[in-house]
Amino acid sequence: DTAVSQTPKYLVTQMGNDKSIKCEQNLGHDTMYWYKQDSKKFLKIMFSYNNKELIINETVPNRFSPKSPDKAHLNLHINSLELGDSAVYFCASSQLLGTQETQYFGPGTRLLVL
Amino acid sequence: AQSVTQLGSHVSVSEGALVLLRCNYSSSVPPYLFWYVQYPNQGLQLLLKYTTGATLVKGINGFEAEFKKSETSFHLTKPSAHMSDAAEYFCAVSVHGSGNTGKLIFGQGTTLQVKP
Numbered sequence: 005d006t007a008v009s010q011t012p013k014y015l016v017t018q019m020g021n022d023k024s025i026k027c028e029q030n031l032g033h034d035t036m037y038w039y040k041q042d043s044k045k046f047l048k049i050m051f052s053y054n055n056k057e058l059i060i061n062e063t064v065p066n067r068f069s070p071k072s073p074d075k076a077h078l079n080l081h082i083n084s085l086e087l088g089d090s091a092v093y094f095c096a097s098s099q100l101l102g103t104q105e106t107q108y109f110g111p112g113t114r115l116l117v118l
Numbered sequence: 047a048q049s050v051t052q053l054g055s056h057v058s059v060s061e062g063a064l065v066l067l068r069c070n071y072s073s074s075v076p077p078y079l080f081w082y083v084q085y086p087n088q089g090l091q092l093l094l095k096y097t098t099g100a101t102l103v104k105g106i107n108g109f110e111a112e113f114k115k116s117e118t119s120f121h122l123t124k125p126s127a128h129m130s131d132a133a134e135y136f137c138a139v140s141v142h143g144s145g146n147t148g149k150l151i152f153g154q155g156t157t158l159q160v161k162p
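If you read the sequences in order, they're chains Z and B. The opening position of the first sequence corresponds to residue 5 in this note's numbering, with each subsequent residue numbered one higher. The opening position of the second sequence corresponds to residue 47 in this note's numbering, with each subsequent residue numbered one higher.
What follows is the structure, encoded as structure tokens:
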């Protein structure tokens, strides 16, 4: 059983397109996150949700819009894709919202914008 | 504000040798510190974490780390490297202060190469 799953695993698209990445966790966790890992492997948080409520919204372009239909899902929609959006996007979840919590990561979605 | 610095972007050891991956942090409040491992083409997995209590923390796969407040360090060690330890290792600190958001600040990562 996959604890945190993401679809698709790979995404190749043209500049200007709109795409979505889906994330689901079957751990019963309250909190979910989106991270971006760039080509130098630097990881930075983008968003987090707790019980469907937006908690963290880093300085991310408003072309990126997260949506949490329920506690188990956190999707990421990206409008007007740019070359610089090429990266690996990781979804993660933690049982509770808190600084001590372990975060469980999905396998990542590799986005390439041409 | 919290920050993390990992010294050495690339560490190479021989199989059976000691593994030492360095992490220094900056935090104005007692930090919560984490080590995560990323195997090729996979997500991150928690190795160990320090929150409170014992400063020597044992994790999975034989790894351990020691929280040293005086040195602001949280170095990761393993007595004997195995080929399967080859991966990317990330040190992280969780952000306190303005709300309990669970936000993690990651270091830049260290690639561990294990030579036969």
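Cβ atoms here follow ideal geometry from the backbone N, Cα and C, with glycine treated the same way.
Close partners of Ser-140 of chain B in chain Z (Cβ separation under 9 angstroms): Gly-102, Thr-103, Gln-104, Glu-105. Identification of chain B residues near Gly-110 of chain Z by a Cβ-Cβ cut-off of 7 angstroms yields Gly-89, ordered along the chain. In the three-state scheme derived from DSSP, where H, G and I count as helix and E and B as strand, Asn-83 of chain Z is classed as coil.
Here the alpha carbon of Phe-80 of chain B sits roughly 26 angstroms from the alpha carbon of Asn-79 of chain Z. Between Gly-54 of chain B and Leu-64 of chain B, the C-beta spacing is not below 9 angstroms. Residue pairing by DSSP places Asp-74 of chain Z opposite Z:His-77 in a beta bridge.
Note: Leu-93 of chain B is not bridge-paired with any residue in the DSSP secondary-structure output.
Looking from the CA of Lys-104 of chain B, the closest CA among B:Lys-115, B:Thr-157, B:Phe-120, B:Leu-90 belongs to B:Phe-120. Contact annotation: Gly-148 of chain B and Ser-72 of chain Z have beta-carbon atoms that are not nearer than 9 angstroms. According to the DSSP assignment, Tyr-93 of chain Z belongs to the beta strand (DSSP E) that extends over 91-98. Counting along the chain, Ala-138 of chain B sits inside the beta strand (DSSP E) bounded by residues 133-140.
Shown here for Gly-99 of chain B: not one same chain residue has a beta carbon closer than 8 angstroms to its own, the five before and five after excluded. In the structure shown, the three-state DSSP call for Ser-9 of chain Z is strand.
Under the DSSP definition of a beta bridge, Thr-113 of chain Z partners with Z:Tyr-93. DSSP, read as helix, strand or coil, puts Asn-21 of chain Z in coil. DSSP places Tyr-71 of chain B inside the beta strand (DSSP E), whose first and last residues are 65-72.
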